[in-house]
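For the protein sequence lines, the chains are G, A, L, C, V, B, Z, X, F and D, in the order given. Going by this note's numbering, the first residue of the first sequence is number 45, and it counts up by one from there. Going by this note's numbering, the first residue of the second sequence is number 45, and it counts up by one from there. Going by this note's numbering, the first residue of the third sequence is number 45, and it counts up by one from there. Going by this note's numbering, the first residue of the fourth sequence is number 45, and it counts up by one from there. Going by this note's numbering, the first residue of the fifth sequence is number 45, and it counts up by one from there. Going by this note's numbering, the first residue of the sixth sequence is number 45, and it counts up by one from there. Going by this note's numbering, the first residue of the seventh sequence is number 45, and it counts up by one from there. Going by this note's numbering, the first residue of the eighth sequence is number 45, and it counts up by one from there. Going by this note's numbering, the first residue of the ninth sequence is number 45, and it counts up by one from there. Going by this note's numbering, the first residue of the tenth sequence is number 45, and it counts up by one from there. To start, the structure itself, in structure tokens.
10 protein chains.
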Amino acid sequence: MTKLEMTEAIITAKLEKGTTWEAVGKAIGLSDIFTASACLGQNSLSKEDATKLAKLLDLGNDVVTALTVCPMKGLDTDLVSKDPLIYRFYEIAYVYGGAIKECIHEKFGDGIMSAIDFTCDIEKQEDPKGDRVVVTMNGKFLPYKKW
Amino acid sequence: MTKLEMTEAIITAKLEKGTTWEAVGKAIGLSDIFTASACLGQNSLSKEDATKLAKLLDLGNDVVTALTVCPMKGLDTDLVSKDPLIYRFYEIAYVYGGAIKECIHEKFGDGIMSAIDFTCDIEKQEDPKGDRVVVTMNGKFLPYKKW
Amino acid sequence: MTKLEMTEAIITAKLEKGTTWEAVGKAIGLSDIFTASACLGQNSLSKEDATKLAKLLDLGNDVVTALTVCPMKGLDTDLVSKDPLIYRFYEIAYVYGGAIKECIHEKFGDGIMSAIDFTCDIEKQEDPKGDRVVVTMNGKFLPYKKW
Amino acid sequence: MTKLEMTEAIITAKLEKGTTWEAVGKAIGLSDIFTASACLGQNSLSKEDATKLAKLLDLGNDVVTALTVCPMKGLDTDLVSKDPLIYRFYEIAYVYGGAIKECIHEKFGDGIMSAIDFTCDIEKQEDPKGDRVVVTMNGKFLPYKKW
Amino acid sequence: MTKLEMTEAIITAKLEKGTTWEAVGKAIGLSDIFTASACLGQNSLSKEDATKLAKLLDLGNDVVTALTVCPMKGLDTDLVSKDPLIYRFYEIAYVYGGAIKECIHEKFGDGIMSAIDFTCDIEKQEDPKGDRVVVTMNGKFLPYKKW
Amino acid sequence: MTKLEMTEAIITAKLEKGTTWEAVGKAIGLSDIFTASACLGQNSLSKEDATKLAKLLDLGNDVVTALTVCPMKGLDTDLVSKDPLIYRFYEIAYVYGGAIKECIHEKFGDGIMSAIDFTCDIEKQEDPKGDRVVVTMNGKFLPYKKW
Amino acid sequence: MTKLEMTEAIITAKLEKGTTWEAVGKAIGLSDIFTASACLGQNSLSKEDATKLAKLLDLGNDVVTALTVCPMKGLDTDLVSKDPLIYRFYEIAYVYGGAIKECIHEKFGDGIMSAIDFTCDIEKQEDPKGDRVVVTMNGKFLPYKKW
Amino acid sequence: MTKLEMTEAIITAKLEKGTTWEAVGKAIGLSDIFTASACLGQNSLSKEDATKLAKLLDLGNDVVTALTVCPMKGLDTDLVSKDPLIYRFYEIAYVYGGAIKECIHEKFGDGIMSAIDFTCDIEKQEDPKGDRVVVTMNGKFLPYKKW
Amino acid sequence: MTKLEMTEAIITAKLEKGTTWEAVGKAIGLSDIFTASACLGQNSLSKEDATKLAKLLDLGNDVVTALTVCPMKGLDTDLVSKDPLIYRFYEIAYVYGGAIKECIHEKFGDGIMSAIDFTCDIEKQEDPKGDRVVVTMNGKFLPYKKW
Amino acid sequence: MTKLEMTEAIITAKLEKGTTWEAVGKAIGLSDIFTASACLGQNSLSKEDATKLAKLLDLGNDVVTALTVCPMKGLDTDLVSKDPLIYRFYEIAYVYGGAIKECIHEKFGDGIMSAIDFTCDIEKQEDPKGDRVVVTMNGKFLPYKKW
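What follows is the structure in structure tokens.
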């Protein structure tokens, strides 16, 4: 079973059960975003978590195996997404990327924010002028090693 | 004076004064990131704020004018940056973009997080295992209009 | 049922019924363009509207479900379309994009026309020298937030 | 004098005079968008109109000549602009391009909207929930010739 | 039946009948090039012409329908073809494109040759030093509208 | 003197003299298109023709030398031009390229039309419904060698 | 039968027979390279040669027909191959392309080496320090026509 | 002195002296192609050869130094050249690359022809039907190491 | 059996057997990396090694044949991988490529490290602050031939 | 002083002094590769190290400042380098990237080798059959965080 077939099986089961990423994530003790990223074939789960997830969605052992394989990430992704929701993150990099770089260097020195030792969280902030999406990214600072 | 020349003038003055984006931002009542983005030619300032900024850095009227012009944004930017710090935001979009999309739709319905009615903030979270960079993005949810 | 299969099912049914986007749209209370965009898999419908549409075209429940899923937009689209009709919109952006930007900034200040809180309408203007296509785009102005 | 130098001269003069594209256009009997497109080097003016424009802005004969040359259009333009305001027109083509194509064919048959025998107009529609940008594109329908 | 399946059906039938584009075109009163372009899925035929063509090649009604649909043109085409015969037209644009532009502007003013109100014809010119291909393109001149 | 500087010198002189490519070409016994292509740095002239051309435009010996150098062709050219006049030739290749290929093979067998042993001519065909541009391309047929 | 299916049939048959391109070529009186290029779908054979080849490999009439069709060349090929053996030819063009151009112009004047009236041959040159691959390309010189 | 400035100095001197790559190469004991590639900044010379070359062309010590620096190769080169002479080598790779790969593997096994331990030679083969360019490439076969 | 089908068969068998690349490699006397590269279709094995490998994994003769075919390398690979683990090697080339080039030239002169006469090895270096990946690449130095 | 000007100043001084990256690195207590990467504008130095380096090469304070600025990395770098020495690292990623990924996951689990907490070393391994380049990359393993 390829990662693609795995994703289709999970999405179909999730639609049929009428459940959410948040509920699926809670059941296996993981956040909605990480759970979704694993189900979309961009991350791997431990055998234990994969088994819980498969049970929850009444899926077979092939899904469990597929979920535990280390995926070739970013494979079914455009270089720059044309989906308006995802594109906005590229636009943020175009408009604010240089400024973010300046401010991280100002606060931390030469280095980067890790995208591996990294978590990401989405909150809904209610607002009478229109609710707001709050995305919190939290990554370990990695200083450039000099040798 | 082009935006490029404006940026060079500001960066040179900022280095000479030994000041920071945070200090410059505070002096004009704006965040470090927005201030840096305007100085890098990706956003515009009001005449009043531009004047304050120019005074602070001992820069002339041509810098004030250049800061108030609406810029052609994203102009001096690669399609996908090769700078490791900035690239990580593209990598986040590759690995977590689909999951973020799923979770925003789950919480808000069909629509996007605005990158215009938008703020962005960077915090240093101290941690004995290595300090962490916390980037908080806050954008208005815009539901897709049906007509 | 994928969005692609959904589109094929709808197009086939529409050809067999010999109906039009305008007629389909009217039956569900939406414009021809928005209806077509949803049927082409670029927008989602409410369950209610999707159900009406499926009935009208004698299509099953899987089409209803597929129509309500938030789509990955712009997925089956070239970066720049080579179709002459669609390319002309890219050409307008190449030739008039800078001028449109100048004039919107002149009338509204720094910001953009939303493509989300947005409607679009096509009219046929009869003309003895050759009928004319009139495309009216109407999007909310979003001023750039400073913080 | 190249088109680029011409544009710089005009923009500088326009900023100094504190005038607008609308005012410049009116003075030579043309719309703001067409006037701006010519001044940005994407269209040519007649000798008469170019002379009026140069006088209005106190510019020399080299600007007049440069304005009348047929330009190499789209030359200083990205394949897909990263400027948020201009990008939205590409996004409209990604999300609604197919639907617009369907609806034009439905109303006119096989053919295209001309981007040459074409006008474009921008209006500000005041709205308490946020003003709206109304872009009206009007192009001759050109049916595909069969031979 | 998709345009691709339509093309395969027509090409197969044409090979079996041992006929030519010229013969097929003559039978429906159209040129060889336009006929071939429609059969390759790049143009549409009227119901009448499509019916004649299908009869000639003993093909069914699904081919007739497919031939009358307005196609998404340029879809199965490389940005720049690597086929040597087709590439030469790109090479002509690289080497002579600027010169052709200069000479059309010299003879007609600012505007373009239409590729929609357009015909194209290929003749074999016998020559003892090697036969020559003569391609005649004939398109309406469209002057740039100023408004 | 680079080819670029040569082109600028020639264009400036041509504008000052108020002459045309047709007149320049006639004076040296060459067509307007080939003359323009050489002056735009895409072809070379013999020393004799280059000398005549330089005299006609009151230009120096460096222009003569530059005109005789075999140029690196296609150097200052986009992969696909965004200029509407030149783009139409790419669009012709997208929409009619396959059909032209079919018809040349039908008439000549496997091979190509040379773009080197090649001439190109532009005529103005007057027409009450709008003048027409007639482009005649004439290239030697080169059959594919089998060995 | 598509060219792709034809290639698969031939490769499979060739592996089963345990024969070589050289042997196949000899049997039909053609070189190994041209024979391989036709079998890979990049060139066409005469009906006679195709029939001989099919007999030799015990293949059917559909392979004969497929071999005689003029192919859309370069279709299943990357813009720049990542295969190390093929890439080296691109690298030769990067490192020596300019020098080869200079030396051909020095010896022949302005023009090109034809890739159509062209043969190519590969020899193994034994060498104690490591055998050498000798590739001989032989193409007609085509001088640029001036008109 | 950059490699670019070095190339300009050498080309200018070569034009003034009216000499050829063949003559320059002979004087320093190297082939025309390798000499030209070094002068175009794609290869380096030994100090001894560089000194001879500079003397021959009456050039200074800075040219000697620049010629001995190991260059960043392929830097001022398009991914795929649009110059017709150089493009033909890409076309050969598109049309014959697969066949060349098959035949080299047939004769040598798995491995490549080196483009480093490599020579290249151009001969003029006189022919009444049109002279022919003979390019001989000679590279060491490098078998793929298995470990 | 294509290389793709071969890879799927091997990966499936390897998962079922619960074995590792290291174990598979040892059984046939090759390293884990070279073994994996051959199984992923990027290198070929000798008939003897392929037979051993197939036996070990209980696979058929078609896998043996497929493993011995010289592959079209780099075929199913992005130009620049978006997988974070693989991308880091591109990032190393962006950040350290120039420095590596400088240091190799300093130690060896003008030439390259072969990627054909090449081995690669991965070691786990245990470290209390986090284990380290040690990649050792070992390639023959090939000096640039001058002729 | 931009990073580009800084690099030119350092390279010129280094050539004049006839020194090496190894010697420069030793003088400031850093490896040759890291030192070269900083001098090429891809890494930053501490003020102390920058001062030592500038003294060693008799360079001014502006070089010291420029060396300490956090650079926009990868800026003057092609997406895929055409330089043969650097390209080989891309080729290694194409041919062995998948295998390296498999083996790192086998030894370490899901995660990556850091290119930030990373060192790189080049050794010359003498060999009678041709010296060998040994590149040792050593990066911290970063396991993918699950949350």
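For every residue, glycine included, the Cβ atom is placed at its ideal position computed from N, Cα and C.
Own chain residues within Cβ distance below 7 Å of residue i, not counting five before or after
i: F185 (chain B); result: F152, G155 and M157
i: D106 (chain X); result: M45
i: A110 (chain F); result: M45, K47 and M50
i: A159 (chain D); result: G183
Rounded C-alpha distance that separates residue i from residue j
i: K145 (chain A); j: V139 (chain G); result: 21 Å
i: T163 (chain D); j: D76 (chain D); result: 11 Å
i: V179 (chain G); j: D120 (chain D); result: 32 Å
i: L97 (chain F); j: V108 (chain F); result: 8 Å
i: W65 (chain X); j: D165 (chain B); result: 37 Å
i: V82 (chain B); j: T112 (chain B); result: Checking the sequence shown, residue 82 (chain B) turns out to be Ala, not Val. Whole-angstrom Cα-Cα distance: 9 Å.
i: L101 (chain B); j: L74 (chain Z); result: 55 Å
i: E135 (chain L); j: C114 (chain V); result: 21 Å
i: R176 (chain A); j: I72 (chain G); result: 26 Å
i: T95 (chain D); j: A53 (chain D); result: 15 Å
i: Q86 (chain V); j: S125 (chain V); result: 16 Å
i: G141 (chain Z); j: D127 (chain D); result: 14 Å
i: D122 (chain X); j: E60 (chain X); result: 29 Å
i: A143 (chain B); j: A143 (chain X); result: 27 Å
i: K99 (chain X); j: I55 (chain D); result: 25 Å
i: K70 (chain C); j: G174 (chain B); result: 30 Å
Nearest neighbour of residue i, chosen from the options [CA to CA]
i: L181 (chain G); options: A:K189, A:K168, A:W191 and A:Q86; result: Looking at the sequence shown, residue 181 (chain G) is not Leu but Met. Considering only alpha carbons, the answer is A:K168.
i: T161 (chain D); options: D:L59, D:I55 and D:F78; result: Rather than Thr, the amino acid found at residue 161 (chain D) in this sequence is Asp. Comparing Cα-Cα distances from D161 (chain D) to each of D:L59, D:I55 and D:F78, the minimum goes to D:F78.
i: M116 (chain L); options: A:D122, A:D93, A:I148 and A:G118; result: A:I148
i: P187 (chain V); options: B:S88, B:T63 and B:L129; result: B:L129
i: K189 (chain F); options: X:G62, X:K61, X:S88 and X:V68; result: X:S88
i: G62 (chain X); options: Z:K173, Z:W191, Z:E150 and Z:E170; result: Z:E150
i: F133 (chain L); options: C:V68, C:Y131 and C:A137; result: C:A137
Neighbour list for residue i in chain L, Cβ cutoff strictly below 7 Å
i: K126 (chain B); result: Y138
Residues near residue i by beta carbon distance below 6 Å, same chain, minus five either side
i: L84 (chain Z); result: T51
For residue i: DSSP bridge partner residues
i: K184 (chain B); result: V:R176
i: E167 (chain X); result: X:V178
i: M157 (chain V); result: V:F185
i: F162 (chain G); result: G:G183
Contact set for residue i: own chain, Cβ-Cβ below 8 Å, skip 5 residues either direction
i: S90 (chain B); result: T112
i: A57 (chain Z); result: L101, D102 and L103
Under 7 Å from the C-beta of residue i: neighbouring residues of chain C
i: I160 (chain A); result: P128
Per-residue contacts from residue i into chain L (C-beta, under 9 Å)
i: L119 (chain G); result: Going along chain L, no residue has its Cβ under 9 Å from L119 (chain G), so there is no contact; the nearest lies around 15 Å.
Chain D residues whose Cβ lies nearer than 7 Å to that of residue i
i: C147 (chain F); result: W65, D76, I77, A80 and I166
Chain-ordered chain G contacts of residue i [CB-CB under 9 Å]
i: L59 (chain F); result: T109 and V113
Residues that residue i contacts on chain B, provided the C-beta gap is smaller than 9 Å
i: I144 (chain V); result: I77, A80, S81, L129, I130, F133, C164, I166 and V179
Neighbouring residues, chain B, relative to residue i (Cβ below 8 Å)
i: L123 (chain V); result: L123 and V124
Cross-chain neighbours of residue i in chain X, by beta carbon under 7 Å
i: M116 (chain B); result: D127
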